[in-house]
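Enquirer: Numbered by mature numbering (1 follows the signal peptide of the UniProt record, and there is no 0), the letters in the sequence shown go through residues -18 to -1, 1 to 789 in order. Questions regarding the structure given below will be posed in turn.
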Amino acid sequence: MKKLLFLLAIVLSTITFAQNSLTGKILGKDNLPIPDVQVLLINASNEETLKVVITDKEGKFEIENVKFDEAKIVIEQSDYEKYTSDLIKPSEANINLPDINLKSGTKSIEAVTIVAKKPFVTQKIDRVVINPDALISNAGTTALDVLGKSPSVNVDFNDNVSLRGKSGVQIFIDDKPTYLAGSDLADYLRSIPSSNIESIEVIPNPPAKYDASGNAGIINIRLKKTLAKGFNGGFNLAYGQGKYMRSVNSANFNYRIQKWNFFTNLSVNKTRSYQDLTIKREYFTPEGERTSIFTQNSYITPTNRTNSMKIGADFYANDKTTFGIVLNGFINPSERNTMNNAVIQDNNLQTINKIEANIPMDVMFKNGSVNLNMTRKIKDKQELSINADYIKYDSKIEQSQFNKTLNPDNSVFADTRIDSKLPSDVTIKVLKADYSGINLFGGSFDLGAKSSFVKTGNVADFRDVKDGIETPNYTFSNNFDYKENIHAVYTNYAKEFDKISIQLGLRMEYSDIKGYQKGNPVVKDSAFTKRYASLFPTFFIQYRADSLQNHVVGLSLGRRIDRPNYKDMNPFTYPMDNYTFYGGNPFLEPTFSYNADLNYTFKKNYTLGFNYSYIDNLISETNEQRNGIYYSRPGNFDRQISYGFTFNSSTNITKWWTFQLYTELIHNAFKSDVYTEKLNDSKWNWFVMPTNQFTISKKWSAELAGQYQTSILSGQFLISPIGSIRAGISTKILKDQGTLKLNVSDMFYTNQVEGEIRNIQNAKAGWFSYMDSRVVTLSFSYRFSKGNTLKIRQSGGSETEQSRVKI
């Protein structure tokens, strides 16, 4: 630590000017704070604009590192009179301005030269912030749908989230990891209504404060929080109709009395959909002669119900200390029925066998968690926060596989049934402490520590059923226990200069992992232990060429890790159907990546970026075939190299038409041995997302948007081009406290996925999938609020462990 401080002192010793700041707060009607107000600092002598900032959710602003003799604050805000402060003289100390109360009134639009409007995308020193409310088509949808419409984020047909063509994204909610992966993460994101989302932060190179886990970075979803005294809240109702129905409903309430604040969020959702999946596999001799063809159609109808609740309280002991408790829980029952019809043919397309299968599945997925937190303001901007989390997941899956094999004349060749029960549980304990805001060499120094303790248990009980008699199937049955302890410490330093911002971080994580598979009469006991420690440095720098920030250049560098999902370490193999098996891999090694991002922003509305990643030991799905059966399991690819360009813009074409464009051109290259094959492939892919927003009147607005993706390479998978168009219309009702929105997704039903699996010995495979992607949604939201502002904390401190739970 002393060496680190010494080095920082040397680097910063030449910077001697004062790091003073102007702080204040903007209030409006009913003495409530006004967020997203543009605050101008004007030089009194020549009316030059020295700096522009925007108020936060609490109406607060801070202006740092501006030299002046005399200046004034100027604010022009819609529905309020123009405000000009008295002259402000420089001071050696920080200046805390009295609260600024704007007076209601009309304002000439022609007089406004700078419009305070919250942008759809904002580029910050270490992240991109997305405002989902800017899109009408997000209304009545869920967090998973919103991610799919967010720049640089992709959600594939299996609900896997990637960032700029890279897998391994960690999903956070209010700076807390979701602690889920795979289909469970997707179901959880579907339980969050889009109307509850304040912003989405895309962080390719997260600062040292965050866990190092996540090869592609972190996506942090910030939920809306009520900031007023008294009783307030709102509700959101939405009904969607595709081939099947879906409903997304939520309510949130907040009550503040004296030193106590109580809050709750409730949601009840139901979604039914379908997938019509056709796969085709061809088999060859080593000499390349085709021997047989396997074609299978699967019609899958999942029905998901999500019932979630969040209850919490904050106690404001004094103006410096706050204690909080947050309880979360959900109960997600679901059903999934799969009907398979397959045919096996020889090279002359003559039928060898037919297969009919029915696979019903019932799932009960439950969660309960508690977070205890404390925040203490020490002095100036220093703050100590402590969080303790306890999380429990429980899953029970019951499934039957009815398989019937037919001869070419449709006579029964074989009739089998396998029943299975797959209970699993995950327990996570986390303790985290952060100390921030230490004044060091005119900058802010932070440090913290965290320990997490994870324990999982997975049982797979398979039984063959014949004539109503059950017989244990020891080949597929399994009992696997897993323990993982991770301990971390970090430091972070940030400093603002006149035109430059820098941020340096270093995080150390130590992992202690143990896995144990209990044996049975067929499968032997097995165990593994892994211990490793790693350092994760981060560096950010931003240069602002002028006070209005018309030209801003930023660079970020970082090292990341992607640990295997807990379930992926389980060595057992189980059947998806008679010809497709899935298994875990206890020999998985963590992925390490080295990432760089360079971006240039012009007038806050146009951002051009270049990104580069070198990924070592990439964890990805691998596929092989043995004796006509496909086996899929996670494996380590030797490396992936990804680089490319991104461009994001927002243009006001007319007063009523705003055009937003996001596009990326990415090159991905993969190199590895995959079983008996060698993978050495690369490909450019292009993605574009144009969005048109129309202001029809004060109450009515509309949207027309779309997206298109060329074919993209991902390991052994090559996904074909895909695109869709969406539209929506919105109106305010009930004195602007209510909003009605109508939107349709995938208007022309083009968002259907197909692709191929490559680099498989003596075989090739492809698939085509129709899904319930065209949905018309009608939503209604209503909010009520009154009273004064207070700070509400509705998040805890547990980190990335949950993001790797796959149940």
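The beta-carbon is built from N, C-alpha and C at its ideal position, and this holds for glycine as well. None of the values given here were measured: they were computed from a predicted structure.
For ASP728, count neighbouring C-beta atoms within 10 Å of its own C-beta (all shown protein chains included) and say buried if the count is 16 or more, exposed if not.
Expert: Its Cβ being crowded by 16 or more others within 10 Å, ASP728 is buried.
Enquirer: Would you say the beta carbon of GLY41 comes nearer than 7 angstroms to a heavy atom of the ligand PLP?
Expert: In terms of ligand content, the structure shown is empty, and the ligand PLP therefore cannot be addressed.
Enquirer: Rounded to whole angstroms, what is the Cα-Cα separation between GLN105 and ALA163?
Expert: Cα-Cα distance, rounded: 28 angstroms.
Enquirer: Taking all protein chains shown into account, do 16 or more other C-beta atoms lie within 10 angstroms of the C-beta of ARG608, making it buried, or fewer, making it exposed?
Expert: By the neighbour-count rule (16 or more Cβ atoms within 10 Å), ARG608 is not buried but exposed.
Enquirer: So, helix, strand or coil for PHE444, using DSSP?
Expert: In this structure, PHE444 counts as strand in the three-state DSSP scheme.
Enquirer: Once you ignore the five residues that flank ILE313 on each side, which residues in its own chain have a CB closer than 6 angstroms to its CB?
Expert: Cβ within range, chain order: ASN289, LYS348.
Enquirer: Hey, how far is the Cα of THR409 from the Cα of ALA295?
Expert: Approximately 24 angstroms between the Cα atoms of the pair.
Enquirer: Which residues does DSSP list as the beta-bridge partners of TRP638?
Expert: Beta-bridge pairing links TRP638 to no other residue.
Enquirer: Starting from LEU722 and walking both ways along the beta strand (DSSP E), at which residues does that stretch end?
Expert: Note, LEU722: beta strand (DSSP E), 720 to 727.
Enquirer: Output the distance between the C-alpha atoms of PHE652 and ASN599, rounded to the nearest integer angstrom.
Expert: Roughly 11 angstroms between the two C-alpha positions.
Enquirer: Identify every residue that forms a DSSP beta bridge with LYS403.
Expert: According to DSSP, LYS403 bridges with GLU380, ASP443.
Enquirer: Helix, strand or coil for ILE118, going by three-state DSSP, please let me know.
Expert: The answer is helix: DSSP assigns ILE118 an H, G or I state.
Enquirer: Please report how far the alpha carbon of TYR221 lies from the alpha carbon of PHE762, in whole angstroms.
Expert: Going by the C-alpha atoms only, they are around 9 angstroms apart.
Enquirer: Measure the alpha-carbon distance for ILE185 versus ILE36 and round it to whole angstroms.
Expert: When rounded, the distance between both Cα atoms is 21 angstroms.
Enquirer: Ignore the nearest five residues each way along the sequence and tell me which others in VAL352's own chain have a CB closer than 6 angstroms to its CB.
Expert: Cβ within range, chain order: LEU309, TYR372.
Enquirer: Would you list the one or two residues that DSSP bridges to ALA527?
Expert: In DSSP, ALA527 forms no bridge with anything.
Enquirer: Looking only at its chain, what residues have a beta carbon closer than 7 angstroms to the beta carbon of ALA396, apart from the 5 residues adjacent to it on each side?
Expert: Cβ within range, chain order: THR387.
Enquirer: Can you tell which of GLY419, GLN383, LYS411, VAL670 has the C-alpha that lies nearest to the C-alpha of LYS359?
Expert: Minimum Cα distance to LYS359 is reached at GLY419.
Enquirer: I'd like the span of the alpha helix (DSSP H) that includes ASP157, first residue to last.
Expert: First-last for ASP157: undefined, no H or E at that position.
Enquirer: Measure from the alpha carbon of MET551 to the alpha carbon of each residue in ALA370, LEU126, GLU491, ALA509, then state which is nearest.
Expert: The candidate whose alpha carbon is nearest that of MET551 is ALA509.
Enquirer: For the putative contact between LYS292 and THR246, defined by C-beta atoms under 8 angstroms, what is the C-beta separation to the nearest angstrom?
Expert: With a Cβ gap of about 6 angstroms, LYS292 and THR246 count as contacting.
Enquirer: Please report the straight-line C-alpha distance between GLN152 and ALA125, rounded to a whole angstrom.
Expert: Their Cα atoms are separated by approximately 14 angstroms.
Enquirer: In whole angstroms, give me the CA-to-CA distance for TYR631 and ASP655.
Expert: According to the sequence as given, residue 631 is Ser; it is not Tyr. Between SER631 and ASP655, the C-alpha separation is close to 41 angstroms.
Enquirer: Does VAL128 come out as helix, strand or coil in the three-state DSSP assignment?
Expert: Note: VAL128 maps to helix in three-state DSSP.
Enquirer: Closest to PRO342 by CA distance: which of ILE203, ARG765, MET558 is it?
Expert: Minimum Cα distance to PRO342 is reached at MET558.
Enquirer: Within 10 angstroms of its Cβ, does GLY199 collect 16 or more other Cβ (buried), or is it exposed?
Expert: Label assigned to GLY199: buried.
Enquirer: Decide if THR267 is buried, meaning its Cβ has at least 16 other Cβ atoms within 10 Å, or exposed.
Expert: The residue is exposed, with fewer than 16 neighbouring Cβ atoms inside 10 Å.
Enquirer: Between which residues of its own chain and LYS363 is the CB-CB distance below 6 angstroms, once the five residues before and five after are set aside?
Expert: Here the set comprises GLY419.
Enquirer: Do PHE276 and ALA324 count as a contact pair if the criterion is CB distance below 8 angstroms?
Expert: It is a contact, given that the beta carbons lie within the stated cut-off.
Enquirer: Name the residue from ASN392, ASN421, GLU40, TYR514 whose alpha carbon lies nearest to the alpha carbon of PRO572.
Expert: Of the listed residues, the one whose Cα sits closest to PRO572 is TYR514.
Enquirer: Under 8 angstroms between the Cβ atoms of ILE282 and THR253?
Expert: Cβ atoms of ILE282 and THR253: not closer than 8 angstroms.
Enquirer: Which whole-angstrom value is the C-beta distance of VAL21 and ILE57, which I expect to be below 8 angstroms?
Expert: That belief holds up - the Cβ atoms of VAL21 and ILE57 are roughly 6 angstroms apart, short of 8 angstroms.
Enquirer: Can you name, in chain order, every residue of its own chain whose Cβ lies under 7 angstroms from the Cβ of PHE435, other than the five neighbours on each side?
Expert: Only LYS411, ASN467 meet the Cβ criterion.
Enquirer: Would PHE619 be called buried (16 or more neighbouring beta carbons within 10 Å of its own) or exposed?
Expert: PHE619 comes out buried.
Enquirer: Ignore the nearest five residues each way along the sequence and tell me which others in VAL111's own chain have a CB closer than 6 angstroms to its CB.
Expert: Closer than 6 angstroms at the Cβ level, and outside the excluded window around VAL111, lie THR104, SER181, GLU183.
Enquirer: Using 8 angstroms as the Cβ pair cut-off and three pairs as the minimum, do the stretch 719 to 735 and the stretch 583 to 595 touch?
Expert: Short answer: they don't touch.
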